[in-house]
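Scroll down for the structure; my scribbles are underneath it.
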Amino acid sequence: MTTPGAVRSATSACWTVATVSPHAPAPSSPACDTEVSLCAMRDAAVRACRPFDVLLSPTAPIPAFPAELPCPTNDPALPFEHIAFTLPFNMSEQPAASINCGYTSGGLPIGLQIVGKRHDDLGVLQVAHAWERLRPAQRAWPEPPPR
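Below, the structure written as structure tokens:
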């Protein structure tokens with residue numbers, strides 16, 4: 113436990129933060145451990161992408177799931193299996209775009225995720241634009257059922 117009004121500082125390769133709070137977490141607290149883990153995830157994703165101008169991957173490891181479900185498994189114990197390919201880049205603050213790149217045999221869209229280097233939003237948009245110009249014509253948007 114820190115003393116009231118304590119200044120806590122955490123430094124890593126990706127950021128330095130200082131907070132002044134009577135409730136600042138102690139340096140060995142779960143909150144501080146979470147900050148370090150998030151920074152490690154960010155550093156790992158940035159380092160893995162460093163040799164590439166852009167990274168192309170599926171947006172999700174599974175096809176689209178029914179919109180009525182809260183998650184693909186409909187299991188509250190497993191709510192995040194569908195974000196495995198996007199999460200690292202949300203945590204690493206890398207720009208990404210998801211665009212349609214095809215369809216499953218059942219006609220569901222397949223997302224292509226385009227990830228760029230940190231702060232290269234324009235590069236990601238340019239690659240997405242190029243892909244959209246090169247891909248085959250897209251299917252018409254589905255119509256909602258009549259009421």
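Residues 113 to 259 (this note's numbering) make up the sequence shown, in order.
Beta carbons: idealized from backbone N, C-alpha and C, even for Gly.
Of the residues the options, the one placed nearest residue i, counting alpha carbons only
i             : options                           : result
proline 254   : Asp165, Pro221, Met153 and Glu205 : Pro221
proline 248   : Gln238, Leu234, Gly223 and Gly214 : Gly214
glycine 228   : Pro256, Cys161, Asn212 and Ala242 : Cys161
glutamine 238 : Pro207, Thr216 and Leu190         : Pro207
alanine 152   : Leu234, Glu205 and Pro257         : Glu205
glycine 235   : Leu199, Leu181 and Phe164         : Phe164
arginine 105  : Glu180, Thr216, Pro258 and Phe192 : The structure shown has nothing for residue 105, since the chain only spans 113 to 259.
glutamate 244 : Arg259, Ala209 and Arg154         : Ala209
Boundaries of the beta strand (DSSP E) in which residue i is found, first to last residue
i             : result
glutamine 225 : 221-228
alanine 209   : 208-215
aspartate 258 : Per the sequence shown, the amino acid found at residue 258 is proline instead of aspartate. Unbroken run through proline 258: none, as it is neither H nor E.
leucine 168   : 166-170
Proximity below 8 Å, CB of residue i to CB of residue j
i              : j              : result
methionine 203 : leucine 168    : no
histidine 194  : proline 173    : yes
alanine 240    : isoleucine 211 : yes
proline 175    : cysteine 183   : no
Residue span of the alpha helix (DSSP H) that contains residue i, given as start and end
i              : result
asparagine 186 : First-last for asparagine 186: undefined, no H or E at that position.
glutamate 244  : 233-246
leucine 199    : 199-203
Integer Cβ distance of residue i from residue j, believed to fall under 8 Å
i             : j             : result
valine 158    : arginine 230  : 6 Å
glycine 223   : threonine 171 : 3 Å
threonine 198 : glutamine 225 : 7 Å
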